[in-house]
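Q:
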Ligand code: ATP
Ligand code: MG
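In the UniProt record's numbering, the protein residues as written are 64 to 753.
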């Protein structure tokens, strides 16, 4: 049913004479069509794309839905399995009414993701290909590893971990910045069947301690310090505090392997606990450069990772090996139209799921060359990203809307002074990308040449669920477009009934996909309650979504953030995008507040382009922008000028905190441990009386 629906809606987007040739393999010239808002990939791009047309997409998508077992096992067969999976490719129960939720893919298959990412590519003749280019915080600081040398480093660490008693199924916490040692550590754990839990190296000692207590690791891997822009952060001190803290809860860790990050801090200045603390450089190079593989079942755990914490206390998401491997590799390949000569850069930190699936595993499984960047995009100036793009001739560039918006605010000149000719595909993840930011990204960064893959997914989903395939579809700025192969998104109403056609509601997924998470670590009940009980029979994403007449998907924000104004349900994304389209507005976040007449009123926080003062006149013109683009009912009741917005450490706006500020419930701010800069909250509170 769903398939027919997509087919009928999607194959022939309406209202576009220009795309009557959609059934041709080649799409038209790159152009942004004002009246129907479609942006076409160039003819040249489509011709060389892995999925060159809507027809090809439909053919593959149809197969993936009608025969998931066949579709995925064919892809899985391209990878190495020590032993093939059993007769059932997957089994699932996503319906709480039918018993416990259970998802299994390739059960009985014996494999290893590190083997598939490294050894397999080396055996295929790619040993001398660069696996990782490392770019340090400062200009001129860099390094690289070929696939062979990466494998050697991984093996040395893996041997060491085995030596200190880390066994299959044991946890290892990794608290490292974006050094090459971070993916090395992940892969070393995977090689010996240990479960890694990467904690973003910007988290406080308390947050780190919580995660250590939760998974009781055999070892913690860290470095002494890191430079982020001009600042030096003493990571080892944070780890020391966290380990002292977790010891109080009865979890003591015997080994703290510490990499000496010389450009940030000398080892002699590093506090040291003899017996527990070990210098990486003194120890690891002593170990052999080959290491036997621990073969694991497809359903053995690969890693544990916490969600970003945008909506509350972070959830410990558990991913297993086989399905995750196949899914990240396949989504990476198609969503970025990956070809072997590509140079790929994802700006996400490995502390987030994006860094797991699309810095480490997805790209390396494809034998790709990846850039790992230690620094920040604003240092030494806001042109750094394009400096890196030119330096390494990056072809695929994947980032987050927050970065796009912040660079947009700095002006085009930082971008246009670089060539960026190598770029081929751009990507976005983390939040809905406002159409105006999309256009800037497309027109200025990509010179109107590079399709944008606006990938919608979650820590829980392991990989992309809704994403454009560059070259296949005309794009609509701000829409994540269509489902990836094997994914059946449905939009349901409050009662959980599927709504067809043009509609808006709760975004759920019907049946599993290989990369789906299998549980919340140690709390299967919370897993079922959070994701499967709200709409029985479906996986519930927590996000709102609308589908337009052409079948394109538009993420409207978290459903908890939906604002109900006089009976109109308004997603945060729509109002924010209208505000951000105003040339003087850099960023916006809206929340609902109680309103006597309307039920809820709209309260908007806005940050302005540098140097623009907030004035009554500006307030009026911001309001007008919303009235014009959406309608008078969506006009904000209050606009609150904000020097900055509270964000998670992964860069997402935390609306739940803004809601409390707007309604002056200041003692109910909730879990703020994942907040990037707590000062922002105080500033906003101080300003909210203005
Ligand atoms: P928590 O679950 O702890 O509140 P989080 O949801 O922010 O944190 P992640 O798993 O990192 O943690 O983020 C997934 C969410 O990010 C999605 O549910 C969605 O709200 C948002 N998101 C990610 N990519 C996109 C996208 N391309 N378009 C719109 N929203 C996106
Ligand atoms: Mg979430």
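Beta carbons are placed, not taken as given, at the ideal position from N, Cα and C, and that holds for glycine.
Model, not experiment: these values are computed from the prediction.
Decide if residue 480 is buried, meaning its Cβ has at least 16 other Cβ atoms within 10 Å, or exposed.
A: Position 417 of the chain shown holds residue 480. With fewer than 16 Cβ atoms within 10 Å of its Cβ, residue 480 is classed as exposed.
Q: Can you list, in chain order, the residues of its chain with a C-beta nearer than 7 angstroms to that of residue 562? Leave out the 5 residues immediately preceding and following it.
A: Here the question's residue 562 lines up with position 499 in the chain shown. Excluding positions up to five away in sequence, the list reads 554, 555, 556, 568.
Q: Helix or strand or just coil, what does DSSP make of residue 353?
A: Mapped onto the chain shown, residue 353 falls at position 290. Looking at residue 353 - three-state DSSP - the assignment turns out to be coil, as it is neither helix nor strand.
Q: Does ligand 3 have even one heavy atom less than 7 angstroms from the beta-carbon of residue 492?
A: Of the ligands this structure carries, namely ligand 1 and ligand 2, none is ligand 3.
Q: In chain order, what residues of the same chain have a beta carbon less than 8 angstroms from the beta carbon of residue 659, not counting five sequence neighbours either side?
A: Here residue 659 refers to the residue found at position 596 of the chain shown. Excluding positions up to five away in sequence, the list is empty.
Q: Once DSSP output is grouped into helix, strand and coil, what is the label at residue 452?
A: Position 389 of the chain shown, counted from the start, is the residue given in the question as residue 452. Correct three-state label for residue 452: helix.
Q: Tell me which residues share the same chain as residue 390 and place their Cβ nearer than 6 angstroms to its Cβ, disregarding the 5 neighbours each side in the sequence.
A: Taking the chain shown and counting its residues from 1, one reaches residue 390 at position 327. Answer for residue 390: 525, 526, 577, 578, listed in chain order.
Q: Just to confirm before moving on: does the CB-CB distance between residue 412 and residue 383 stay below 8 angstroms?
A: Translated into positions along the chain shown, residue 412 becomes position 349. Translated into positions along the chain shown, residue 383 becomes position 320. Contact: no.
Q: Is it the case that the CB of residue 540 approaches a heavy atom of ligand 1 more closely than 7 angstroms?
A: For this step, residue 540 is matched to residue 477 along the chain shown. No, ligand 1 has no heavy atom inside 7 angstroms of this Cβ.
Q: Which value, in whole angstroms, describes the spacing of the CA atoms of residue 146 and residue 727?
A: Start at 1 with the first residue of the chain shown, and residue 146 comes out as number 83. Start at 1 with the first residue of the chain shown, and residue 727 comes out as number 664. Near 59 angstroms, if we compare the C-alpha coordinates of residue 727 and residue 146.
Q: Between the C-alpha atoms of residue 220 and residue 190, what's the straight-line distance to the nearest angstrom?
A: Here residue 220 refers to the residue found at position 157 when the chain shown is read from its first residue. Here residue 190 refers to the residue found at position 127 when the chain shown is read from its first residue. The straight-line gap from Cα to Cα measures roughly 19 angstroms.
Q: Hey, residue 699 and residue 711: beta-carbon distance below 8 angstroms or not?
A: Numbered from its first residue, the chain shown carries residue 699 at position 636. Numbered from its first residue, the chain shown carries residue 711 at position 648. Contact: no.
Q: Do you know whose CA, among 319, 621, 512, lies nearest residue 486's CA?
A: In the chain shown, residue 486 corresponds to position 423, counting from 1. If we check each option's Cα against that of residue 486, 512 comes out closest.
Q: For a test of your reading of the model: does the CB of residue 605 fall under 7 angstroms from any non-hydrogen atom of ligand 2? Yes or no.
A: For the purposes of this step, residue 605 is taken as residue 542 along the chain shown, with counting starting at 1. Indeed, a heavy atom of ligand 2 lies less than 7 angstroms from the Cβ.
Q: For residue 188 and residue 393, I'd like the C-alpha separation in whole angstroms.
A: Taking the chain shown and counting its residues from 1, the one referred to as residue 188 is at position 125. Taking the chain shown and counting its residues from 1, the one referred to as residue 393 is at position 330. Each residue's Cα considered, the two are about 21 angstroms apart.
Q: So, do the region 442-453 and the region 466-482 have three or more beta carbon pairs nearer to each other than 8 angstroms?
A: They touch, by the three-pair rule.
Q: Does the distance from the C-beta atom of residue 425 to that of residue 169 stay below 8 angstroms?
A: Reading the chain shown from its first residue, position 362 is the one you call residue 425. Reading the chain shown from its first residue, position 106 is the one you call residue 169. Not in contact: residue 425 and residue 169 (Cβ atoms no closer than 8 angstroms).
Q: Classify residue 537 as helix, strand or coil using the three-state DSSP reduction.
A: The residue labelled residue 537 in the question sits at position 474 within the chain shown. Correct three-state label for residue 537: coil.
Q: Excluding the 5 residues flanking residue 148 on each side, which residues of the same chain have their C-beta closer than 7 angstroms to its C-beta?
A: Counted from its first residue, the chain shown places residue 148 at position 85. So the list reads 169, 170, 171, 172, 361, once near-sequence residues are dropped.
Q: Could you pull out every unbroken alpha helix (DSSP H) segment of at least 4 residues lying fully inside the region 381-460, listed in chain order?
A: As far as the region 381-460 is concerned, its whole alpha helix (DSSP H) runs of at least 4 residues are 385-398, 425-428, 447-455.
Q: I need the straight-line Cα distance from residue 584 to residue 627, nearest angstrom please.
A: Your numbering for residue 584 matches position 521 in the chain shown. Your numbering for residue 627 matches position 564 in the chain shown. Spanning the two alpha carbons is a distance of roughly 35 angstroms.
Q: Please determine whether the Cβ atom of residue 521 lies at a distance below 7 angstroms from any heavy atom of ligand 2.
A: Taking the first residue of the chain shown as 1, we reach residue 521 at position 458. Yes, ligand 2 has a heavy atom inside 7 angstroms of this Cβ.
Q: Taking residue 377 as part of the beta strand (DSSP E), name the residues at either end of that continuous run.
A: Residue mapping note: residue 377 aligns to position 314 of the chain shown, counting from 1. No beta strand (DSSP E) holds residue 377; DSSP gives it neither H nor E.
Q: DSSP three-state label for residue 87, please.
A: Translated into the one-based positions of the chain shown, residue 87 becomes position 24. At residue 87, the pLDDT of 28 sits below 50, so the modelled position is not reliable and the matter cannot be decided from this model.
Q: Would the region 364-380 count as touching the region 151-161 if we require 3 or more Cβ pairs under 8 angstroms?
A: Flag = no, the region 364-380 and the region 151-161 do not touch.
Q: Please tell me whether residue 291 and residue 199 are closer than 8 angstroms, where the distance is taken between their beta carbons.
A: Within the chain shown, residue 291 is the residue found at index 228, counting from 1. Within the chain shown, residue 199 is the residue found at index 136, counting from 1. No, the pair does not count as a contact, with Cβ atoms beyond the cut-off.
Q: Could you tell me which of 418, 451, 528 sits nearest to residue 549, measuring between CA atoms?
A: Counting from 1 along the chain shown, the entry for residue 549 is found at position 486. Minimum Cα distance to residue 549 is reached at 528.
Q: Once DSSP output is grouped into helix, strand and coil, what is the label at residue 703?
A: Counted from its first residue, the chain shown places residue 703 at position 640. Reduced to three states, the DSSP call for residue 703 is strand.
Q: List the whole-angstrom C-beta distance separating residue 756 from residue 229, where the pair is believed to meet the contact cut-off of C-beta under 8 angstroms.
A: A question about residue 756 goes unanswered here, because the residues of the chain that appear run from 64 up to 753.
Q: Less than 8 angstroms between the beta carbons of residue 458 and residue 510, yes or no?
A: In the chain shown, counting from the first residue as 1, residue 458 sits at position 395. In the chain shown, counting from the first residue as 1, residue 510 sits at position 447. Their beta carbons are not under 8 angstroms apart, which means residue 458 does not touch residue 510 by this criterion.
Q: Beta carbon of residue 290: closer than 7 angstroms to some heavy atom of ligand 1?
A: Working through the chain shown from its first residue, we reach residue 290 at position 227. No, the beta carbon of residue 290 sits no closer than 7 angstroms to any heavy atom of ligand 1.
Q: Which residue's Cα is closest to the Cα of residue 332: 323, 338, 339?
A: Residue numbering aside, residue 332 sits at position 269 when the chain shown is read from its first letter. The option with the nearest alpha carbon to residue 332 is 323.
Q: Let me know if residue 609 comes out buried or exposed under the rule of 16 or more other beta-carbons within 10 Å of its beta-carbon.
A: The residue labelled residue 609 in the question sits at position 546 within the chain shown. Its Cβ being crowded by 16 or more others within 10 Å, residue 609 is buried.
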